[in-house]
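Q: Residue numbers (the working numbering): 430 to 497.
For glycine and all other residues, C-beta sits at the position ideal for the given N, C-alpha and C.
What follows is a structure written as structure tokens; I'll ask about it next.
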């Protein structure tokens, strides 16, 4: 209804789909990115507010993903 809001959350790095199978989350972002009043927020390890070790783990997985 009027004034409603929607939030869809997900972690693109945690997709367990077979190689070559498109992620619905990434597909939605590509499809909806240019629509007015739709926004996407991307977080990095610097946004982690848990233990510093968690940020290092996220960085390690990100670096491996970048190399592949």
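Just to confirm the assignment, what range does the alpha helix (DSSP H) spanning residue 433 have?
A: Counting from one through the chain shown, the residue named residue 433 turns up at place 4. Neither: residue 433 is in no alpha helix (DSSP H) and is coded neither H nor E.
Q: Touching or not, the segment 457-467 and the segment 476-484, by the rule of three or more beta carbon pairs under 8 Å?
A: Because the criterion of three Cβ pairs below 8 Å is not met, the segment 457-467 and the segment 476-484 do not touch.
Q: Would DSSP call residue 451 helix, strand or coil?
A: Position 22 of the chain shown holds residue 451. Three-state result, residue 451: coil.
Q: Tell me which residue opens and which closes the alpha helix (DSSP H) that residue 483 is part of.
A: Position 54 of the chain shown, counting from 1, holds the residue named residue 483. Where residue 483 is concerned, the enclosing alpha helix (DSSP H) stretches over 481-496.
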